[in-house]
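In my numbering, the protein residues as written are 131 to 334. One structure below.
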């Protein structure tokens, strides 16, 4: 059976980014949904790394022949003591739209000057291999919280995450530029290097 990379997400926006970055690994890349996995994943870790590994291990227990990847990512706002952090997806309620989540965060930073609006996107990507071993990488992109929602190329908190040296939010960037700079793009490329090394070792 040909081994695949299964990513523990059902988020199609995320899968587009993942496929774009991992395309030249020469392996089929599918979401857990496409792989037919419907396991409940309880993210009770206290760090991005722990949550990423929990997701990957949960799916790996079902798909023992595949390489399973998972990420946990979020927004840390320094002025809000690094909130929403690991609770980014659940902030203000899991089913609350990001338009509303973004508006709540902008309201909380109303009147806060630019130099105190520092923030970062964090992404940890975990891999669990068929032999049960695992590894995790973590990357960030630094920026600040914008004063207004802007751009429609991204998703989640992209429309309020402003990168001063590019003069735009990550939602105003085209996908190629965003993948180059983003926390997830950097983490996936770091994981890709690990996977390439692993595949080379297996081929020897």
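Yeah, the Cβ is synthetic: ideal placement off N, Cα and C, and Gly gets one too.
Looking only at its chain, what residues have a beta carbon closer than 8 angstroms to the beta carbon of residue i, apart from the 5 residues adjacent to it on each side?
| i | result |
| --- | --- |
| residue 222 | 230, 231 and 234 |
| residue 133 | 157, 195, 196, 197 and 260 |
| residue 287 | 205, 218, 228, 231, 232, 235 and 251 |
Here's a check: name, in chain order, each residue in its chain whose Cβ is nearer than 6 angstroms to the Cβ of residue i, leaving out the five neighbours to either side.
| i | result |
| --- | --- |
| residue 190 | 198 and 258 |
| residue 145 | 161 |
| residue 243 | none |
Can you tell me whether residue i is buried or exposed, with buried defined as 16 or more other CB within 10 angstroms of its CB?
| i | result |
| --- | --- |
| residue 333 | exposed |
| residue 295 | exposed |
| residue 174 | exposed |
| residue 200 | buried |
| residue 241 | exposed |
| residue 314 | buried |
| residue 153 | exposed |
Beta-carbon separation of residue i and residue j under 9 angstroms?
| i | j | result |
| --- | --- | --- |
| residue 147 | residue 289 | no |
| residue 274 | residue 249 | yes |
| residue 177 | residue 254 | yes |
| residue 179 | residue 266 | yes |
| residue 312 | residue 271 | yes |
| residue 185 | residue 171 | yes |
Comparing alpha-carbon positions, which option in the options lies nearest residue i?
| i | options | result |
| --- | --- | --- |
| residue 264 | 164, 182 and 153 | 182 |
| residue 165 | 139, 254 and 328 | 139 |
| residue 308 | 322, 293 and 320 | 293 |
| residue 321 | 256, 207, 246 and 185 | 256 |
| residue 246 | 211, 267 and 220 | 211 |
| residue 328 | 151, 155 and 142 | 155 |
| residue 326 | 202, 151, 262 and 291 | 151 |
Please work out which residues of its chain come closer than 7 angstroms, Cβ to Cβ, to residue i, disregarding the five sequence neighbours upstream and downstream, and give them in chain order.
| i | result |
| --- | --- |
| residue 237 | none |
| residue 169 | 188, 189 and 192 |
| residue 318 | 148, 151, 152 and 255 |
Quick check on the DSSP output: what are the complete beta strand (DSSP E) runs of length 3 or more inside the region 240-280, in order along the chain? 248-258 and 264-275
Which whole runs of the alpha helix (DSSP H) in the region 162-218 are 4 residues long or more, in chain order? 178-190
For the region 136-163, which segments carrying the alpha helix (DSSP H) assignment without a break, of at least 4 residues, lie completely within its bounds, in sequence order? 142-152
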